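Asker: Before we start, here is the structure in question, set down as structure tokens.
Number of protein chains: 2
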Amino acid sequence: MATHAARTPAGATIYSVADAAGVSIATVSRVIQGTGAVSERTRTKVLDAIERLDYMPTAAARSLAVRQHEALGLVLPELSGPYFSELLMGFEEAAAEHRLSVVLSLAEHGGTLDADRFARLAATVDGIAVLGGVVDDGALRRIARQKPLLVVAGAETPGVDRLAAENTTSSAALTAHLLDAHGRTRPVFVGDPDIAPDVRQRFEGFRGVLQERGIAVPDPLRGGLREADGVRAAERLLADGMPADAVVCANDEIALALTTRLAGAGVGVPADVAVTGWDDVMAARYVRPGLTTVRQPVRELGGLVARRLHERVTGATGPQDESVLATRVVIRGSCGCPEPGHPDQRAT
Amino acid sequence: MATHAARTPAGATIYSVADAAGVSIATVSRVIQGTGAVSERTRTKVLDAIERLDYMPTAAARSLAVRQHEALGLVLPELSGPYFSELLMGFEEAAAEHRLSVVLSLAEHGGTLDADRFARLAATVDGIAVLGGVVDDGALRRIARQKPLLVVAGAETPGVDRLAAENTTSSAALTAHLLDAHGRTRPVFVGDPDIAPDVRQRFEGFRGVLQERGIAVPDPLRGGLREADGVRAAERLLADGMPADAVVCANDEIALALTTRLAGAGVGVPADVAVTGWDDVMAARYVRPGLTTVRQPVRELGGLVARRLHERVTGATGPQDESVLATRVVIRGSCGCPEPGHPDQRAT
DNA sequence: CAACGTTCTGTAAGCGCTTACAAGGAGGTG
DNA sequence: CACCTCCTTGTAAGCGCTTACAGAACGTTG
């Protein structure tokens, strides 16, 4: 019947399968989706035809018909370090549980995702999660008006939902530990609060404690989050005659590189300066002294993001609590504490 | 004209835009795609309407019409370590250059991607890249018959194209270095050759050198690729009374964990045993002794994969050479060589 | 045996976009 | 002024799938 003559010698469609099986396309669709009742006999015929023709459905056609892409978008910056990978893994896993595929966009090196790519991404998914600071607010709001949109670890933007791991409190705890437990008096923060919302929050925690204690808050040593930035920070400190006895770094990469550079100049950690990081990367527990840092439940966060997004897409918006996940301070030797046992314990 | 009454109060479509702008949908499509000539006047009208209505295209409809998903699929195992992240970044970047989106599927912890998910992925993209060993051969071949399919760092499978970084030769070089430069005589390989094709190739390189020298090839210490596996390997060696003076590990995680465990038992590296890894993770240059390892051009590999896939999709199949990328041995202290300078050099 | 209830299956109307083709308009030329 | 060309625009036919609705087939039951 259906004169759907393939103009290209392209793959089988639901029509060719229907023809081959001697049934209607509706029936074929039913056996594929497992919806509706189909007699065992015809089901077998259809399955046979599918097998024989090597039929492979075209997702776009289904998406169009059901008006759902059955996909979630995720926008991340460069995938350096374990943080984004973990987030992505949690996200992907949760998405897969709901039979959703995930389409990923990475912002070009350090910059933001251009509006065009972002719009194109939005066109292919049912909902999007964006890492804080990777897409500008304008584009964010525009899309948020059309589809569920979640910002991860971002700044609080009116009209846009946010999900994050705790920063300020842990940072304050870390700072207080340096001052109280180790008697440090001249702490500095390494990292640019303007580079990302979570760095800002970490700086806020740091600043809060200093203000509480009546200590003047030194300007943060601004820079990126990569190893080279840590080296630079160390060199600035060295050049200034080491005006600090404690360094709170925005992440582990910086802390590690800074520590090494300092050691190279004869400045001991933790003897001369205490150092802390953030993220608990693998190297943090292999170096000596071990790096005191903060561990975030990144993977859980990723999963939570995907689930929340899915809820928003399906409209099944459950309780919206728990939007900020707790983190944990991990004490090792770099702050001055006695080194704990070997890093043999299982990772993650 | 078009009585496309929205039954749901859903978003604007190309029809509503056309109505609002007082033109036909064909014209709207033209200005959006930038195809065909459109007078400046109407183009502005259309753009206005789009803006006013907050119009956002539905990618599925376009995909259906142009019979292209404009997306590439990528299947990876767990995203641990820098290897997969780098690969993914290279892939994504190259895909983005061709305006292709990337949809990602991760195999569940250590296992293979189930056929169902794989088929669903295949339905949503124009071509797929799969990491070696993550999808079983049957499924692989079935899909390969329908869409461009590339295996990355996998075994050579008849009928399936393959792209990889060099393994065997570098592994042989590393092994020879241990024997010749450092006079080691009882090397062992840590890693399960059956776990992944590239581990197998690394083992082959190792074995080749031993056979060449007339040294009996000891059974590899089989295990996974995570830190815990390195610890276990170390404990097996310890239990056996250290039957080795050189350990070639399948990757850095293993090497690092093993080294630490050995040190904990009083076995020195490289004094008592030389150790090498693979991948050159960040920690490799921070530990003391630095880890001698092999660096792969993973990011380039990812980019090459995406480009190749795109060529295959568009039919523009250029020269198919260079399917195996060269790697580089990175000498540090763990093999017994004098430690090179500080790891201050720029990462990656 | 007729009436009725279940299953199973087919018909057809979309889903929102692209694009071949045709038609309408605006100049230009002899 | 008739005719031709080029530029813009509209018409309409799909792309491959889902699904509401209706009809067919097949017992069951009174």
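Quick mapping for you: the protein sequence lines, in order, are chains A and B.
Number 265 in my numbering belongs to position 265 of the first sequence; there are no gaps in the numbering.
Take any residue in the second sequence, note its place counting from 1, add 348, and you have its number in my numbering.
C-beta atoms are modelled at their ideal positions from N, C-alpha and C, and glycine is treated no differently.
Computed from a prediction, not measured in an experiment: that's the story for all the values here.
(1) In three-state terms, what does DSSP make of A:Ile331?
(2) Report buried or exposed for A:Ala216, applying the criterion of at least 16 other Cβ atoms within 10 angstroms of its Cβ.
(3) Take B:Arg355 and list the residues in its own chain whose beta-carbon comes closer than 8 Å to its own, dropping the five residues that flank it on each side.
(4) 7 Å is my cut-off, CB to CB: does B:Val451 come that close to chain A?
(5) When the cut-off is 7 Å and only beta carbons count, does B:His352 lie next to chain A?
(6) For A:Glu97, does the count of other Cβ atoms within 10 angstroms reach 16, so buried, or fall short, so exposed?
(7) For B:Ala444, go through chain A and note every residue whose CB falls closer than 7 Å to its CB, in chain order.
(8) Assign B:Thr516 to one of three DSSP states: helix, strand, or coil.
(9) Are any of the Cβ atoms in chain A nearer than 7 Å to that of B:Arg391?
(10) Return the chain-ordered list of same chain residues with a C-beta closer than 6 Å to the C-beta of B:Arg534, the five sequence neighbours on each side being excluded.
(11) Is it true that the CB of B:Ala603 sits closer than 7 Å to the CB of B:Val623?
(12) Which of the three DSSP states is assigned to B:Ser372 in this structure?
(13) Take A:Val209 and list the residues in its own chain whose beta-carbon comes closer than 6 Å to its own, dropping the five residues that flank it on each side.
(14) Looking at the C-beta of B:Arg584, does it have a partner C-beta in chain A at a distance below 7 Å?
(15) Could you tell me which of A:Arg288, A:Glu227 and A:Arg30 sits nearest to A:Arg43, measuring between CA atoms?
(16) Between the beta-carbon of B:Val621 and the beta-carbon of B:Val595, is there less than 7 Å?
(17) When burial is assigned at 16 or more other CB atoms within 10 Å of the CB, is A:Thr353 buried or exposed?
(18) Which partner residues does B:Ile289 have in the DSSP bridge list?
(19) What's the C-alpha gap between B:Gly681 and B:Arg633?
(20) For A:Glu51, decide whether its Cβ has a neighbour in chain B, counting only Cβ atoms nearer than 7 Å.
(21) Looking only at its own chain, which residues have a Cβ that is under 8 Å from the Cβ of A:Tyr55, when we skip the five neighbours before and after it?
(22) Return no unless some Cβ of chain B is closer than 7 Å to the Cβ of A:Ala225.
(23) Compile a chain-ordered list of the residues in the segment 630-653 of chain B whose CB is closer than 8 Å to at least one CB of chain A.
(24) Specify the secondary structure class of A:Ala246 as computed by DSSP and reduced to three states.
(25) In its own chain, which residues sit with a C-beta less than 8 Å from the C-beta of B:Val371, not counting the 5 before and 5 after it?
(26) By a C-beta neighbour count over all protein chains shown, 10 Å radius and 16 as the cutoff for buried, is A:Glu349 buried or exposed?
(27) Using Cβ-Cβ distances below 9 Å, what residues of the segment 487-501 of chain B are close to chain A?
(28) Answer yes or no: does any C-beta atom of chain B fall closer than 7 Å to that of A:Ala271?
(29) Decide yes or no for the touch test of the segment 525-532 of chain B against the segment 567-581 of chain B: beta carbon pairs closer than 8 Å, at least 3 of them.
(30) How about B:Val482 and B:Pro425: do their beta carbons lie closer than 7 Å?
(31) May I ask you to report which of helix, strand or coil DSSP gives A:Val102?
(32) Just to check my reading of the structure: A:Leu309 and A:Leu72 have Cβ atoms closer than 8 Å, yes? What is that Cβ distance to the nearest angstrom?
(33) Report the residue ranges of all beta strand (DSSP E) runs contained in full by the segment 620-652 of chain B; include only those spanning at least 3 residues, in chain order.
(34) Can you have a look at B:Val500 and say buried or exposed, based on whether 16 or more other CB atoms are within 10 angstroms of its CB?
(35) At a CB-CB cut-off below 9 Å, which residues of chain A make contact with B:Asp402?
(36) On the three-state DSSP scale, how would you describe A:Asp198?
Answerer: So, from the data block:
(1) DSSP, reduced to helix, strand and coil, places A:Ile331 outside both helices and strands of the structure shown, so it counts as coil.
(2) Its Cβ having fewer than 16 others within 10 Å, A:Ala216 is exposed.
(3) Interpretation of B:Arg355 is limited by its pLDDT of 39, a score under 50 that renders its predicted location unreliable; the figure taken from the coordinates is listed afterwards. Answer for B:Arg355: no residue qualifies.
(4) Interface annotation, B:Val451: in contact with chain A, CB-CB separation under 7 Å.
(5) In this prediction, B:His352 has a pLDDT of 38, which is less than 50 and means its spatial position is unreliable; what the coordinates show is noted afterwards. At least 7 Å separates the CB of B:His352 from every CB of chain A.
(6) Result: exposed.
(7) In chain order: Arg117.
(8) Assignment of B:Thr516 by DSSP, reduced to helix, strand and coil, places it in the helix class.
(9) By this cut-off, B:Arg391 is not an interface position.
(10) In its chain, beyond the 5 residues on either side, Ala592 and Asp593 have a beta carbon closer than 6 Å to the beta carbon of B:Arg534.
(11) Closer than 7 Å, so yes.
(12) B:Ser372 falls in the coil class under three-state DSSP.
(13) Here the set comprises Ala172, Thr175 and Ala176.
(14) Chain A contact via Cβ: absent.
(15) In terms of CA proximity to A:Arg43, A:Arg30 leads the group A:Arg288, A:Glu227 and A:Arg30.
(16) Cβ atoms of B:Val621 and B:Val595: closer than 7 Å.
(17) This structure cannot speak to residue 353 of chain A, because chain A is shown only from 1 to 348.
(18) Absent from the structure is residue 289 of chain B, since the part of chain B shown begins at 349 and ends at 696.
(19) Rounded to whole angstroms, B:Gly681 to B:Arg633 spans 10 Å at the Cα level.
(20) Judged by the 7 Å Cβ criterion, A:Glu51 is not in contact with chain B.
(21) Counting only Cβ-Cβ distances below 8 Å, and skipping sequence neighbours, we find Gly11, Ala12, Thr13, Ile14, Ser16, Val17 and Ala49.
(22) Reading the sequence as shown, one finds Leu at residue 225 of chain A and not Ala. Not an interface residue.
(23) So the close ones are Met630, Ala631, Tyr634, Val635 and Arg636.
(24) Strand.
(25) Counting only Cβ-Cβ distances below 8 Å, and skipping sequence neighbours, we find Thr390, Lys393 and Val394.
(26) Residue numbering for chain A in the displayed model covers 1 to 348; residue 349 of chain A lies beyond these limits and cannot be assessed.
(27) With the criterion set as a beta carbon lying under 9 Å from some beta carbon of chain A, the members of the segment 487-501 of chain B are Arg490, Ile491, Arg493, Gln494 and Lys495, in sequence order.
(28) False, the Cβ-Cβ gap to chain B never drops below 7 Å.
(29) No, the segment 525-532 of chain B is not in contact with the segment 567-581 of chain B.
(30) Yes. Within cutoff.
(31) A:Val102 carries a strand assignment under DSSP once its states are collapsed to helix, strand and coil.
(32) A Cβ-Cβ separation of about 6 Å places A:Leu309 in contact with A:Leu72 under the 8 Å criterion.
(33) Counting only runs that start and end inside the segment 620-652 of chain B, the beta strand (DSSP E) elements of at least 3 residues fall at 622-624 and 641-643.
(34) So B:Val500 counts as buried.
(35) Result: Arg142, Arg145 and Gln146.
(36) Note: A:Asp198 maps to helix in three-state DSSP.
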